[in-house]
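Residue numbers (our numbering), protein chains in the order written: chain D, 6 to 142; chain P, 6 to 142. Report on the structure given below.
2 protein chains.
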Amino acid sequence: MSSTHTHSKKSRSLTKNQRIVLDLLQNSGEPLKAYFILDSLKKEGLNSPLQVYRALDKLVKLGKIHKIESINSFIICNNSNCASNTAFTICERCGKVKEIKNKHLKDSVSDLVKDNQLEITRYNLEFYVLCKSCKIN
Amino acid sequence: MSSTHTHSKKSRSLTKNQRIVLDLLQNSGEPLKAYFILDSLKKEGLNSPLQVYRALDKLVKLGKIHKIESINSFIICNNSNCASNTAFTICERCGKVKEIKNKHLKDSVSDLVKDNQLEITRYNLEFYVLCKSCKIN
DNA sequence: CTCTAAGTGTTATATTATTACATATGTAAT
DNA sequence: ATTACATATGTAATAATATAACACTTAGAG
Numbered sequence: 006m007s008s009t010h011t012h013s014k015k016s017r018s019l020t021k022n023q024r025i026v027l028d029l030l031q032n033s034g035e036p037l038k039a040y041f042i043l044d045s046l047k048k049e050g051l052n053s054p055l056q057v058y059r060a061l062d063k064l065v066k067l068g069k070i071h072k073i074e075s076i077n078s079f080i081i082c083n084n085s086n087c088a089s090n091t092a093f094t095i096c097e098r099c100g101k102v103k104e105i106k107n108k109h110l111k112d113s114v115s116d117l118v119k120d121n122q123l124e125i126t127r128y129n130l131e132f133y134v135l136c137k138s139c140k141i142n
Numbered sequence: 006m007s008s009t010h011t012h013s014k015k016s017r018s019l020t021k022n023q024r025i026v027l028d029l030l031q032n033s034g035e036p037l038k039a040y041f042i043l044d045s046l047k048k049e050g051l052n053s054p055l056q057v058y059r060a061l062d063k064l065v066k067l068g069k070i071h072k073i074e075s076i077n078s079f080i081i082c083n084n085s086n087c088a089s090n091t092a093f094t095i096c097e098r099c100g101k102v103k104e105i106k107n108k109h110l111k112d113s114v115s116d117l118v119k120d121n122q123l124e125i126t127r128y129n130l131e132f133y134v135l136c137k138s139c140k141i142n
């Protein structure tokens, strides 16, 4: 169908499936599970787990989303360019997840990685916390 | 049966299932998957996944083993008392996993956690690396 | 001995993720 | 435009990982 709209030279533009999965994660802001994403996007035409996993894989590779390993969930990347490095806090009580934006923390990690002569290609840091509202109650 | 051997007051002694799972992980030294453990211990009398998962859960709680989230595997704890805090390197090429024993690194993490006013209850750090032998070849 | 917490054994099922294969699409080079 | 190639798609089947539910047993404290 008339594919003459402005797609210019950007081979980086996302496909339809990648787009709708990214949009959902963007709008949610929370970590979502693959099968929840599938259910949510049935009406958009997603029918099988594979369609979701393929989109997720691609988005992870592009650095647009992250996988939080310990809860098998995916979340939009809030940093402009964290590449494949991730750092999260996860509330042990309510499960709330936040990406750590703190540049100082990330720099510190980078430093201590160097100090310890680890040749790191990337890292995934999961800090379990008691979040503010859970601490109060 | 005669349970008159010296179990003294230590209610901390492991049960049979916990024991054989721990022994397997101890002897292996590598990360093992739950269903691999199940297969390996069929001859010892383990018949169902649940028996394995229950033993693993308990051993994790006791701090005797760790779960490496990103590969759904379990590994013996090499540190005397890392509680539930874990730090691993994972080779991106061969998959080899090593627990980071480096006290300096762990101290540094603790420090920067304090510096950043994160109230951490525990953490799981996964550093992806290119291990020595993979770097050479 | 009795109570209780923890562990066991088993079946069934839920959740998470991949394999395989045929088809379609986008991009670049001819 | 035609070919070639990498990437993406759609679909069905299945693999891999983990938990629920239930009846029963064991170990240790009082």
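Each residue gets a CB set at the ideal place from its N, CA and C atoms; glycine is no exception. Since we're looking at a predicted model, the values are computed, not measured.
Report task. Using a threshold of 7 Å, state whether the C-beta atoms of D:Asn-128 and D:Asn-77 are closer than that. Result -> Taking the first residue of the first sequence as position 1, residue 128 of chain D is located at position 123. Taking the first residue of the first sequence as position 1, residue 77 of chain D is located at position 72. It should be noted that the sequence gives Tyr, not Asn, for residue 128 of chain D. No, they are not a contact pair.
Query - Cβ of P:Ile-70 within 7 Å of any chain D Cβ - result: Translated into positions along the second sequence, residue 70 of chain P becomes position 65. Not an interface residue.
Query - Any chain P beta carbon closer than 7 Å to D:Leu-110 - result: Along the first sequence, one-based indexing puts residue 110 of chain D at 105. Judged by the 7 Å Cβ criterion, D:Leu-110 is in contact with chain P.
**Report entry** Helix, strand or coil at D:Lys-69 [DSSP, three-state]
**Finding:** Along the first sequence, one-based indexing puts residue 69 of chain D at 64. Three-state DSSP puts D:Lys-69 in coil, outside helix and strand.
Query raised in the report: What's the call for P:His-109, buried or exposed, on a 16-neighbour Cβ count within 10 Å?
Result: Position 104 of the second sequence holds residue 109 of chain P. Exposed, because fewer than 16 other Cβ atoms sit within 10 Å of the Cβ of P:His-109.
**Report entry** Unbroken beta strand (DSSP E) run spanning P:Asn-32, endpoints
**Finding:** Translated into the one-based positions of the second sequence, residue 32 of chain P becomes position 27. P:Asn-32 -> not in any beta strand (DSSP E); alpha helix (DSSP H) instead, spanning 21–33.
Query - Continuous alpha helix (DSSP H) assignments of at least 4 residues falling wholly in the region 40–109 of chain D - result: The qualifying runs are 54–66.
**Report entry** Burial state of D:Lys-72, where buried means 16 or more other Cβ atoms lie within 10 Å
**Finding:** Your numbering for residue 72 of chain D matches position 67 in the first sequence. With 16 or more neighbouring CB atoms inside 10 Å of its own CB, D:Lys-72 falls in the buried class.
Query raised in the report: Is any heavy atom of the ligand NAD found at a distance shorter than 6 Å from the C-beta of P:Ser-18?
Result: With respect to the ligand NAD, the structure offers nothing, as it holds no ligand at all.
**Report entry** Residue from P:Arg-98, P:Gly-34, P:Cys-96, P:Leu-130 whose Cα sits closest to the Cα of D:Leu-117
**Finding:** Your numbering for residue 117 of chain D matches position 112 in the first sequence. The candidate whose alpha carbon is nearest that of D:Leu-117 is P:Leu-130.
**Report entry** Rounded C-alpha distance that separates P:Arg-98 from D:Ile-141
**Finding:** Against the second sequence, residue 98 of chain P aligns to sequence position 93. Against the first sequence, residue 141 of chain D aligns to sequence position 136. Across the structure, P:Arg-98 and D:Ile-141 are spaced so that their CA atoms are roughly 45 Å apart.
**Report entry** Between the CA atoms of D:Glu-104 and D:Lys-111 - distance to the nearest angstrom
**Finding:** Numbered from 1 along the first sequence, position 106 holds the residue referred to as residue 111 of chain D. Numbered from 1 along the first sequence, position 99 holds the residue referred to as residue 104 of chain D. Straight-line Cα distance between these residues: approximately 11 Å.
Query raised in the report: Across which residues does DSSP place D:Val-134 in a beta bridge pair?
Result: Looking up residue 134 of chain D in the first sequence gives position 129. DSSP lists D:Cys-96, P:Ile-125 as partners of D:Val-134.
Query raised in the report: Is the Cβ of P:Ile-141 closer than 7 Å to any Cβ of chain D?
Result: Here residue 141 of chain P is taken as the residue at index 136 of the second sequence, counted from 1. Chain D contact via Cβ: absent.
Query - Same chain, Cβ closer than 7 Å to D:Lys-69, five either side skipped, listed in chain order - result: In the first sequence, counting from the first residue as 1, residue 69 of chain D sits at position 64. Same-chain partners within the cutoff: Leu-27, Cys-82.
Query raised in the report: For D:Leu-37, which residues does DSSP report across the bridge?
Result: Within the first sequence, numbered from 1, the residue matching residue 37 of chain D stands at position 32. Partner(s): D:Phe-79.
Query raised in the report: Between the region 49–75 of chain D and chain P, which residues of the former have CB atoms less than 7 Å from a CB of the latter, in chain order?
Result: Those residues of the region 49–75 of chain D that come within reach of chain P (Cβ to Cβ, closer than 7 Å) are Glu-74, Ser-75.
Query raised in the report: What in chain D is Cβ-close to P:Leu-117, meaning under 7 Å?
Result: For the purposes of this step, residue 117 of chain P is taken as residue 112 along the second sequence, with counting starting at 1. The CB of P:Leu-117 comes closer than 7 Å to the CB of Leu-110, Ser-113 in chain D, given here in chain order.
Requested in this report: Could you tell me how far apart the beta carbons of D:Leu-51 and D:Asn-22 are, in whole angstroms, since I believe they sit closer than 8 Å?
Outcome: Along the first sequence, one-based indexing puts residue 51 of chain D at 46. Along the first sequence, one-based indexing puts residue 22 of chain D at 17. Indeed, because the Cβ distance is near 7 Å, the residues count as touching under 8 Å.
Requested in this report: Taking only beta carbons into account, state which residues of the region 122–135 of chain P come closer than 7 Å to chain D, listed in chain order.
Outcome: Leu-123, Glu-124, Ile-125, Thr-126, Arg-127, Tyr-128, Asn-129, Leu-130, Glu-131, Phe-132, Tyr-133, Val-134, Leu-135
Query raised in the report: Does any CB atom of chain D fall closer than 7 Å to the CB of P:Glu-97?
Result: By 1-based counting over the second sequence, the position of residue 97 of chain P is 92. Closer than 7 Å: yes.
Requested in this report: May I ask you to report which of helix, strand or coil DSSP gives D:Ile-141?
Outcome: Working through the first sequence from its first residue, we reach residue 141 of chain D at position 136. Looking at D:Ile-141 - three-state DSSP - the assignment turns out to be helix.
Query raised in the report: Mapping DSSP to helix, strand and coil, what is D:Thr-9?
Result: For the purposes of this step, residue 9 of chain D is identified with residue 4 of the first sequence, where counting begins at 1. Confidence at D:Thr-9 is low in this model, with a pLDDT of 32, below 50, so its placement is unreliable and the value that follows should be read with caution. If DSSP states are grouped into helix, strand and coil, D:Thr-9 belongs with coil.
Query raised in the report: Any idea if P:Ile-25 is buried or exposed, counting beta-carbon neighbours within 10 angstroms, 16 or more meaning buried?
Result: Translated into the one-based positions of the second sequence, residue 25 of chain P becomes position 20. With 16 or more other CB atoms across the displayed protein chains lying within 10 angstroms of its CB, P:Ile-25 is buried.
Query raised in the report: Beta-carbon separation of D:Phe-93 and D:Leu-37 under 7 Å?
Result: Residue 93 of chain D sits at position 88 when you count from the first residue of the first sequence. Residue 37 of chain D sits at position 32 when you count from the first residue of the first sequence. No, these two residues do not count as a Cβ contact at 7 Å.
Requested in this report: Return the chain-ordered list of same chain residues with a C-beta closer than 6 Å to the C-beta of P:Leu-61, the five sequence neighbours on each side being excluded.
Outcome: Along the second sequence, one-based indexing puts residue 61 of chain P at 56. In its chain, beyond the 5 residues on either side, Phe-79 have a beta carbon closer than 6 Å to the beta carbon of P:Leu-61.
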